[in-house]
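Protein chains in written order, with UniProt numbering: chain A, 1 to 528; chain B, 1 to 208.
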Amino acid sequence: MRRSPSFQISTKNSAKPTTSIDLTNHLSARGGLFYQDIDTGTTASIKAKNDPNLLAATYDHSISADTDLNIDLQSLITSELNSLYPLTLNQETSNKSANTTKFIDERGGKDKHFFVFTSAGKLVFSQWENENHAMGLTGIIHTVMNYFNINDNTAMRQFTMYGKDGIMTRFVFLDKNHIKLMVQCNNNYESTAQLQQQLDLVYSYIISSVSQRNLNKLMLKRSNFDLQHYLTDLDQQLLKSLCESLATQPKLTWFANSLECLPMSPKKRNAINSILSTTYLDFNISNHNGQILYTLVTSLDMRLISILRPSNHTLHTMDLQILFEVVRAQLTDLLLDKVLWFPICFQKFNDNGFLYALIKVLPNNTIMMVISSQKNAFDILNEFVRRIEDKMIDDNTCNNLELQLLDWHKKFPYINHFIYKMKRTVQIYTPSQPTNEMLQFYYHLKNLCEDDKGTNLNKSSVAMLKWKNDATPGLLSGVYWATEKFELYILLNDINLSNQSILKSAKLLIQHIREIESYLFISRGVTF
Amino acid sequence: MNSNVTSIKLVLLGEAAVGKSSIVLRFVSNDFAENKEPTIGAAFLTQRVNMADHTIKFEIWDTAGQERFASLAPMYYRNAQAALVVYDVTKPQSFIKARHWVKELHEQASKGIVIALVGNKMDLLESEEDRKVAKEEAEKLSQEENLLFFETSAKTGDNVNEVFLAIGEKIPLKKSDGSNTDGLRGTEDGRIDLNKPDDTSNPNSCGC
Ligand SMILES: Nc1nc2c(ncn2[C@@H]2O[C@H](COP(=O)(O)OP(=O)(O)O)[C@@H](O)[C@H]2O)c(=O)[nH]1
Ligand SMILES: [Mg+2]
Numbered sequence: 001m002r003r004s005p006s007f008q009i010s011t012k013n014s015a016k017p018t019t020s021i022d023l024t025n026h027l028s029a030r031g032g033l034f035y036q037d038i039d040t041g042t043t044a045s046i047k048a049k050n051d052p053n054l055l056a057a058t059y060d061h062s063i064s065a066d067t068d069l070n071i072d073l074q075s076l077i078t079s080e081l082n083s084l085y086p087l088t089l090n091q092e093t094s095n096k097s098a099n100t101t102k103f104i105d106e107r108g109g110k111d112k113h114f115f116v117f118t119s120a121g122k123l124v125f126s127q128w129e130n131e132n133h134a135m136g137l138t139g140i141i142h143t144v145m146n147y148f149n150i151n152d153n154t155a156m157r158q159f160t161m162y163g164k165d166g167i168m169t170r171f172v173f174l175d176k177n178h179i180k181l182m183v184q185c186n187n188n189y190e191s192t193a194q195l196q197q198q199l200d201l202v203y204s205y206i207i208s209s210v211s212q213r214n215l216n217k218l219m220l221k222r223s224n225f226d227l228q229h230y231l232t233d234l235d236q237q238l239l240k241s242l243c244e245s246l247a248t249q250p251k252l253t254w255f256a257n258s259l260e261c262l263p264m265s266p267k268k269r270n271a272i273n274s275i276l277s278t279t280y281l282d283f284n285i286s287n288h289n290g291q292i293l294y295t296l297v298t299s300l301d302m303r304l305i306s307i308l309r310p311s312n313h314t315l316h317t318m319d320l321q322i323l324f325e326v327v328r329a330q331l332t333d334l335l336l337d338k339v340l341w342f343p344i345c346f347q348k349f350n351d352n353g354f355l356y357a358l359i360k361v362l363p364n365n366t367i368m369m370v371i372s373s374q375k376n377a378f379d380i381l382n383e384f385v386r387r388i389e390d391k392m393i394d395d396n397t398c399n400n401l402e403l404q405l406l407d408w409h410k411k412f413p414y415i416n417h418f419i420y421k422m423k424r425t426v427q428i429y430t431p432s433q434p435t436n437e438m439l440q441f442y443y444h445l446k447n448l449c450e451d452d453k454g455t456n457l458n459k460s461s462v463a464m465l466k467w468k469n470d471a472t473p474g475l476l477s478g479v480y481w482a483t484e485k486f487e488l489y490i491l492l493n494d495i496n497l498s499n500q501s502i503l504k505s506a507k508l509l510i511q512h513i514r515e516i517e518s519y520l521f522i523s524r525g526v527t528f
Numbered sequence: 001m002n003s004n005v006t007s008i009k010l011v012l013l014g015e016a017a018v019g020k021s022s023i024v025l026r027f028v029s030n031d032f033a034e035n036k037e038p039t040i041g042a043a044f045l046t047q048r049v050n051m052a053d054h055t056i057k058f059e060i061w062d063t064a065g066q067e068r069f070a071s072l073a074p075m076y077y078r079n080a081q082a083a084l085v086v087y088d089v090t091k092p093q094s095f096i097k098a099r100h101w102v103k104e105l106h107e108q109a110s111k112g113i114v115i116a117l118v119g120n121k122m123d124l125l126e127s128e129e130d131r132k133v134a135k136e137e138a139e140k141l142s143q144e145e146n147l148l149f150f151e152t153s154a155k156t157g158d159n160v161n162e163v164f165l166a167i168g169e170k171i172p173l174k175k176s177d178g179s180n181t182d183g184l185r186g187t188e189d190g191r192i193d194l195n196k197p198d199d200t201s202n203p204n205s206c207g208c
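Here's what the structure looks like:
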């Protein structure tokens, strides 16, 4: 795939990306997201029949099939899309060139819309208000996706179109068993791989409530099965709020494909760990073998405190992210001392069967989540949690768990914000939740070091960028540093720092984090 | 501390959105939420209520009611001593579903289970036209199936506590004609004699 190698950070103030260096290897800076030239190799420009304005679409795959057919197809898409599309298209820019500084200022609202439909082309979910339009679009996309499937046996990953106002819209796809997902995206800071990752999250959510096995059964029985109405109100609501936050307030844990831990003193964490493991041992002696699969303790905002798990199993990050979304939606009930018990299918763990989750909020403001493979295990799990609760209430160390790391700002006065990810444990630490704007900067940095599929170009790489930003005076610098062990994202708020001193700050920060690692991360969890 | 504590396992069944969780919220917290998020799976909670001279600890299963979770329902009513089968007085479909639940309970739940049929959302009935399930119809079903019957509003709180009190009254009384040495209560209003004997002639009962 060829893309224009140029990328623009700013037009007006011409603050070009300054540096992009690689300590170990060679970093190929990639302008993937910020291309504005249409790749002539894979593009056809067509005058749409009912629209005098020039439209163009670029495909992510080179198309080897018959050219005329392709042009027909493209003109169909572009004209149809254009007749559907203006309702939701952001019209405010008349500037024809893709102006990438704008993404930071102007795309505060919803710049993404998610769609889910079945392999038969039936709409399951859409974020468009107008369902008829959504069905229209679904129909077209479905045809197009099938076209590529049949003709090239390739799954179409994305296509891009430019409206007459110069606004770029991308459509990114994910083709799963019986389900197709699409996101319509007007921003240009998220890569195709990242958008596909988000689609995968949506897909996993659907599987979490239906299970792949059930879905297969339903679809094989009747290929035009109406999945939309099979999903419950609850499913629809959760899907909606999941997609809504993906579009407007993406979570840091999604961005970093990881989980967040509650910073705690190791003494407190150990106290909780040992309560979990002793209670578990007591339980197993009394012949409840195998009923308890996973036990998680989190804070009310779903930061991990402790995990108890079988030594031969780990839980997939995305499965837990979905569990946390479900729990978050039930938090008001949980705070009324309700204990929840529900089936959930962990798509990455085993997409054929359901596990059963017991969720309870304890008086020390922790959430207990216990997962079993047996649907009749509630009483036993409830007793297990009750005993843990008693022990936690008795033990003073189990209160006020969060440790505030107040001094990092003093130690690193230039550092505005950072995210540190420990790769081995797939956990992140950040001193505060980044704003949407910060996340966009982080996306930008990360994309420089990742290939098309979202994997790092090099085992270890560093990228540095400076942005001109109207909101904050002066320049904002960012560093992304990835090795096999960690990923570090930093935003610095001083203009006059040399690259050397920026890197030095980053190194010092890493050193500091290593020193307090045992406070920030769960290094092993408790296994049995 | 009152040491005479009776536990009652109680399950709420009924179509989604008829107001089961709202009834529980009213009973437990005397509160109402206009846009309650739907329950996932089932929620378990306990509530103590002081009756004349002893305490009842309700162990409540508030189920989701969605078809998808239906296979889990037996687990919740299996050991239940009481069930609230809830429908929405403005939704005929929900009454049909309630009939099904009553039938299933008689067939599958423990034999002595006390069932209360509850028509919720009474506050929505500004005129008789808004009503979609006739009171007579529900009363008829209650008599045939030996159910307690109430029309409630979780929103205003009308009749909600009464449902639980009626269940609380009925269950120890029932026990007193069995193995339970229950001279503790019930005699003050002399209603023991009014207690109907168990209706075991239910044709659907498997007798196990
Ligand atoms: N007007 C009115 N609305 C109610 C009443 N009870 C519940 N609701 C509303 O009906 C919806 C569903 O209630 P919920 O308790 O979640 O139903 P459940 O699915 O049976 O648990 C919520 O929006 C409640 O606010 C009631 O008595 N009157
Ligand atoms: Mg409910």
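Cβ coordinates follow ideal geometry from the N, Cα and C atoms, glycine included. Quick caveat: nothing in here was measured; it's all calculated off a predicted structure.
Residue i beta carbon near ligand 2 (any heavy atom closer than 8 angstroms)
{"i": "ALA73(B)", "result": "no"}
{"i": "SER21(B)", "result": "yes"}
{"i": "PRO38(B)", "result": "yes"}
{"i": "ASP175(A)", "result": "no"}
{"i": "ALA64(B)", "result": "yes"}
heavy atom of ligand 1 below 8 angstroms from residue i C-beta
{"i": "THR232(A)", "result": "no"}
{"i": "ALA17(B)", "result": "yes"}
{"i": "THR152(B)", "result": "yes"}
{"i": "GLY14(B)", "result": "yes"}
{"i": "ALA33(B)", "result": "yes"}
{"i": "THR332(A)", "result": "no"}
{"i": "LEU124(B)", "result": "yes"}
{"i": "ASN120(B)", "result": "yes"}
{"i": "LEU84(B)", "result": "no"}
Three-state secondary structure assigned by DSSP to residue i
{"i": "CYS208(B)", "result": "Residue placement at CYS208(B) is poorly supported in this model, since its pLDDT is 38, which falls under 50; the coordinates still yield a value, given next. Reduced to three states, the DSSP call for CYS208(B) is coil."}
{"i": "PHE255(A)", "result": "helix"}
{"i": "GLU126(B)", "result": "coil"}
{"i": "THR121(A)", "result": "Sequence inspection shows Gly at residue 121(A); the Thr mentioned does not correspond to that position. Correct three-state label for GLY121(A): coil."}
{"i": "SER461(A)", "result": "strand"}
{"i": "ASP452(A)", "result": "coil"}
{"i": "GLY139(A)", "result": "helix"}
{"i": "residue 529(A)", "result": "Limits of chain A in this structure are 1 at one end and 528 at the other, which puts residue 529(A) out of reach."}
{"i": "THR397(A)", "result": "helix"}
Contacts of residue i in chain B (Cβ-Cβ under 8 angstroms)
{"i": "VAL326(A)", "result": "ILE40"}
{"i": "LYS338(A)", "result": "ALA43, PHE44, LEU45 and ASP62"}
{"i": "TRP128(A)", "result": "Going along chain B, no residue has its Cβ under 8 angstroms from TRP128(A), so there is no contact; the nearest lies around 22 angstroms."}
{"i": "PRO343(A)", "result": "GLY41, PHE69 and LEU72"}
Residue i - partner residues in DSSP beta bridges
{"i": "GLY525(A)", "result": "For GLY525(A), which the question treats as bridged, DSSP gives no partner whatsoever."}
{"i": "TYR356(A)", "result": "PRO343(A) and SER372(A)"}
{"i": "GLN47(B)", "result": "PHE58(B)"}
{"i": "MET422(A)", "result": "GLN427(A) and PHE486(A)"}
{"i": "ILE415(A)", "result": "LEU492(A)"}
{"i": "GLY166(A)", "result": "Its beta-bridge partners do not exist; DSSP assigns none."}
{"i": "ARG309(A)", "result": "THR527(A)"}
{"i": "CYS185(A)", "result": "LYS112(A) and ARG170(A)"}
{"i": "ALA83(B)", "result": "VAL11(B) and ILE115(B)"}
{"i": "GLU151(B)", "result": "GLY119(B)"}
Under 8 angstroms from the C-beta of residue i: neighbouring residues of chain A
{"i": "GLU37(B)", "result": "LEU234, GLN237, ALA329, GLN330, THR332 and ASP333"}
8 angstroms Cβ cut-off: residues of chain E touching residue i
{"i": "MET75(B)", "result": "Annotation note: the requested chain E is absent from the structure, which comprises protein chains A and B."}
Contact list for residue i against chain A, beta-carbon separation under 9 angstroms
{"i": "ALA17(B)", "result": "ASP233"}
{"i": "SER29(B)", "result": "LEU336"}
{"i": "GLN66(B)", "result": "THR232, ASP233, LEU234 and ASP235"}
Any non-hydrogen atom of ligand 3 closer than 8 angstroms to residue i Cβ
{"i": "ILE393(A)", "result": "Among the ligands present in this structure, namely ligand 1 and ligand 2, ligand 3 is not found."}
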